[in-house]
Amino acid sequence: MKNAVTRLGNITIVGLKAIFRNKLRSFLTMLGIVIGVGCVIVVVAIGNGATQSIQETINSLGSNFIMIFPGAATQSGARIFTGQSTMTVEDADAIKAECPSVAYVSVIMRTAGQAVAGELNWGTSVMGVGVDWPFIRAWNLSDGQFFTDADVRSAAKVCVIGQTVADNLFPQGAAVGQIVRIKNVPFKVVGVLEKKGGNTMGQDQDDQIVAPYTTVMKRLMGQTKVNMIQAAARNATGVQQAMTEIEGLLRQRHRIPPGGDSDFMMRSQEEIAQANEQQMKILRTLLLSIAAISLVIGGIGIMNIMLVSVTERTREIGIRMAIGAKGRHVLLQFLFEAITLSIVGGLIGVLAGIGVSALAAKLSGWPIVVSPMSIAISFGVAGAVGIAFGFFPALKASHLDPIDALRYE
Amino acid sequence: MARAVIEIHSLTKVYSMGEVEVRALAGVDLLVEEGDFVAIMGPSGSGKSTLMNIVGCLDRPTSGTYLLDGIDVSTLNRDQRAVIRNAKIGFVFQSFNLLARTSALENVELPMLYGELGLTRGQRRQAALDSLHRVGLAGRENNQPSQLSGGQQQRVAIARALVTNPAILLADEPTGNLDSRTSEEIMGIFQQLNDDGKTVVLITHEPDIAQHARRIVHVRDGLIQSDQRIEQVRVAGKGIAPPVAATAATRVSP
Ligand SMILES: Nc1ncnc2c1ncn2[C@@H]1O[C@H](COP(=O)(O)OP(=O)(O)OP(=O)(O)O)[C@@H](O)[C@H]1O
Ligand SMILES: [Mg+2]
Chain A
1 MKNAVTRLGN
11 ITIVGLKAIF
21 RNKLRSFLTM
31 LGIVIGVGCV
41 IVVVAIGNGA
51 TQSIQETINS
61 LGSNFIMIFP
71 GAATQSGARI
81 FTGQSTMTVE
91 DADAIKAECP
101 SVAYVSVIMR
111 TAGQAVAGEL
121 NWGTSVMGVG
131 VDWPFIRAWN
141 LSDGQFFTDA
151 DVRSAAKVCV
161 IGQTVADNLF
171 PQGAAVGQIV
181 RIKNVPFKVV
191 GVLEKKGGNT
201 MGQDQDDQIV
211 APYTTVMKRL
221 MGQTKVNMIQ
231 AAARNATGVQ
241 QAMTEIEGLL
251 RQRHRIPPGG
261 DSDFMMRSQE
271 EIAQANEQQM
281 KILRTLLLSI
291 AAISLVIGGI
301 GIMNIMLVSV
311 TERTREIGIR
321 MAIGAKGRHV
331 LLQFLFEAIT
341 LSIVGGLIGV
351 LAGIGVSALA
361 AKLSGWPIVV
371 SPMSIAISFG
381 VAGAVGIAFG
391 FFPALKASHL
401 DPIDALRYE
Chain B
1001 MARAVIEIHS
1011 LTKVYSMGEV
1021 EVRALAGVDL
1031 LVEEGDFVAI
1041 MGPSGSGKST
1051 LMNIVGCLDR
1061 PTSGTYLLDG
1071 IDVSTLNRDQ
1081 RAVIRNAKIG
1091 FVFQSFNLLA
1101 RTSALENVEL
1111 PMLYGELGLT
1121 RGQRRQAALD
1131 SLHRVGLAGR
1141 ENNQPSQLSG
1151 GQQQRVAIAR
1161 ALVTNPAILL
1171 ADEPTGNLDS
1181 RTSEEIMGIF
1191 QQLNDDGKTV
1201 VLITHEPDIA
1211 QHARRIVHVR
1221 DGLIQSDQRI
1231 EQVRVAGKGI
1241 APPVAATAAT
1251 RVSP
């Protein structure tokens, strides 16, 4: 028993020395596994990060949230939107007045523009909303006041800015009371929105300017058709009831006969989350298959180099056999080399994967979530691949005839 | 009479390459006693290396018996032959066959890593150092083969062959790649080892080298043609002229 342990120890020494004797070859053998494992970790981390941040954004909508937008829904749930919106400001007012389960309603207008304050300018998105909007989104101000109903009715040139906009246009702070020019229209800043976070694939919720929808329609967009209506139910359990009420009301207002397709579509926060989960599943499966393929390619790389190495090292094998190595010794040595290289390669791959993920997170600003599961699995697969793909070349080496191996040039 | 280390009877080796059969050994009988120093000579292709590989348990005979140190090795399997090679045989090759990028010390330690003795690291290191010392390479243990001259590399190879204290030292043209002065030094080492009691069998093409042995065996066409004791052994470094006439006189056809 003790003898067996010493002998196994000896093979370990022999294998390690062989690895260190040819550092370039060892490095090349490991490279496939390093890239494979690193790839799995980065790809899973990006997938996780995307899922998580989108989920966060959706959660931040609040569970009472309902979105109504123009266009008909097809059987599959996809939206067909051709040409003009048929939703109006009056639709929004009617929902507010006539749907008892609905607590808040706001028209939403969306556009984008260059915002200028003094010397500084910043490209951002501009949203026109009603006074209910901060309640729908449960969004507080960190400074100043939200604009009033009177501002909306008079289409006042006032606005509330997101934290990112405030940081870029007013780096010294004290944004409230200043003037921001959008498309040459001067807006007075009356408040700053609290930082919300939840950055989604480059979309920053804090990078926007919010102004009365009347002002946005008249001064910035020159249209009176509504982009979207957002609403909030009185409570989470009332969401379905609120949606039924809204649907009935809008169909009646738009004179849609019974059985006809609606010219608008509704989504609750829960439905948005579900649709998103579906998409994320597809994304994750896609990313994982790419990662799996790269691991297998890494394994084949190990096998290739091990096979080349057996041929290249035929003479070495012959020498070892001539001085008393059994086939088993050679088999174990090559297997040990393959396993060591794949485990070390796996470890480097894990570190590289975490490093690249962190770097990607820093450069892109996306949240990137390294999952311990992906580390464990890719590491395990790397080890298995090393054994599996190292075994054949090792077996080949161990079956060499000592004389033939020694004569090999 | 001393104990027989090698005892070979009617040994044949036939290589069949498709239709053609090559009889590399055609029935060889050979007895080598403990402490002897045998030089095997003969023209190229006569079967010297074939014989040496079978004696060294690297290869198996087609027929015949071979007792090494009293053990019948002609019937052993691969693994058993590996054990015999490790414990009983020290092999020295013409092309040195050292592991590249590996220090002299590690090359010499190598056979002990495959051995059945279960030596500790310290014991292995000490045995390798002793062995290098015996071949006059003390102080070069950390050099790699590429940092050693041909003669020094062959010394490392001899030290490696010696380190397991084998029953027999086999050398297939050990001076074939060396100049005459270095060859002379290497033969000095073999003579020294033989004086210390080690049995040595070596193949050579050069009569000068063969004269360092105690006995010369001539092989031709896979058969032993002549086998004679050398009256006047040439001592390495002393430059005694080989007794050419004596060699020629004893050459007899079987
Ligand atoms: N593996 C082999 N397959 C076929 N024939 C072989 C093989 N090895 C040796 N032979 C043949 O056996 C014969 C003896 O070869 P061997 O190598 O023993 O000669 P040698 O006396 O050592 O010659 P040299 O002095 O050139 O080394 C030769 O005819 C050779 O071609
Ligand atoms: Mg030969």
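Here the protein sequences line up with chains A and B, keeping their order.
Note that the working numbering numbers the first sequence so that position 92 is 92, with each residue one more than the last.
So the number in the working numbering is just where the residue sits in the second sequence, counting from 1, plus 1000.
Glycine residues also receive a C-beta, built at the ideal position from the N, C-alpha and C atoms.
Relative to ligand 1, the beta carbon of B:T1050 is positioned inside 7 Å of a heavy atom. When C-beta distances to chain B are compared with 7 Å, the residues of the region 303 to 326 of chain A below that value are E316, I319, M321, A322, I323, G324, A325, K326, in chain order. The Cβ atoms of B:A1004 and B:V1032 sit closer than 8 Å to each other. Contact annotation: A:A232 and A:G36 have beta-carbon atoms that are not nearer than 8 Å. At a cut-off of 7 Å, the beta-carbon of B:V1022 counts as near ligand 1: some heavy atom of the ligand is closer than that. The criterion of a C-beta distance shorter than 8 Å is satisfied by B:A1002 and B:E1034. For A:M228, the enclosing beta strand (DSSP E) covers residues 228 to 233.
Between A:I297 and A:G32 a beta carbon distance of about 7 Å is seen, short of the 8 Å cut, so the two are scored as contacting. The beta-carbon of A:I403 is placed less than 8 Å from the nearest beta-carbon of chain B.
Runs of the alpha helix (DSSP H) lying entirely within the region 122 to 157 of chain A, each at least 4 residues long, are 133 to 136, 149 to 153 in chain order. B:E1184 is classed as buried because its beta carbon has at least 16 other beta carbons within 10 Å across all chains shown. With the criterion set as a beta carbon lying under 7 Å from some beta carbon of chain A, the members of the region 1109 to 1121 of chain B are L1110, P1111, L1113, Y1114, G1115, G1118, in sequence order.
With respect to chain B, the C-beta atom of A:K17 has a partner C-beta closer than 8 Å. Residues are counted here when their Cβ sits less than 8 Å from a Cβ of chain A; for the region 1091 to 1107 of chain B these are F1091, F1093, N1097, L1098, L1099, A1100, R1101, T1102, E1106, given in chain order.
A residue is called buried when at least 16 other Cβ atoms come within 10 angstroms of its Cβ; A:V239 meets this threshold and is buried.
Just measuring C-alpha positions, the residue of A:D132, A:E247, A:I339 sitting nearest A:G259 is A:E247. Around the beta carbon of A:P372, fewer than 16 other beta carbons sit within 10 angstroms, so the residue counts as exposed. Annotation for B:D1221 indicates a beta carbon at 7 Å or more from all heavy atoms of ligand 2. Restricting attention to A:A405, A:I403, A:L335, the CA atom closest to the CA of A:I11 is found in A:L335. Taking the Cα of B:A1024 as reference, the smallest distance to any Cα among B:Q1232, B:R1234, B:E1231, B:I1224 is reached at B:I1224.
Shown here, B:F1096 sits in coil according to DSSP, grouped into three states, outside any helix or strand.
Short of 7 Å from the beta carbon of A:W122, and not among the five residues preceding or following it, lie these beta carbons of its own chain, in chain order: A115, V165, N168, L169. In the pairwise beta carbon analysis, the region 272 to 286 of chain A is classified as touching the region 37 to 56 of chain A: at least three pairs are separated by under 8 Å. Assignment of A:C159 by DSSP, reduced to helix, strand and coil, places it in the strand class. DSSP places A:V350 inside the alpha helix (DSSP H), whose first and last residues are 327 to 364. By the Cβ criterion, the region 1153 to 1162 of chain B is in contact with the region 1133 to 1141 of chain B, since at least three pairs of Cβ atoms, one from each stretch, lie closer than 8 Å. Scanning chain A for C-beta atoms nearer than 8 Å to the C-beta of B:A1024 yields nothing, as the closest lies near 12 Å away. Counting the other CB atoms within 10 Å of its CB gives A:G113 a total of 16 or more, which places it among the buried residues.
In the structure shown, A:T244 falls within a helical segment according to DSSP collapsed to helix, strand and coil. In this structure, the C-beta of B:D1179 stays at least 7 Å away from each heavy atom of ligand 2.
Look at the region 1046 to 1064 of chain B: the residues with a C-beta under 7 Å from a C-beta of chain A are N1053, L1058, D1059. In its chain, beyond the 5 residues on either side, M127, G128, V129, W133, Y213, V226, N227, M228, I229, Q230 have a beta carbon closer than 8 Å to the beta carbon of A:I108.
Neighbours of B:D1079 across chain A, judged by C-beta separation under 8 Å: K326, G327, R328. Annotation for B:S1180: no beta strand (DSSP E) segment contains it, though the alpha helix (DSSP H) segment containing it runs 1180 to 1195.
From the beta-carbon of B:N1165, no residue of chain A is found nearer than 8 Å; the closest lies around 13 Å away.
Within the region 274 to 336 of chain A, the complete alpha helix (DSSP H) segments of 4 residues or longer fall at 314 to 322, listed in chain order.
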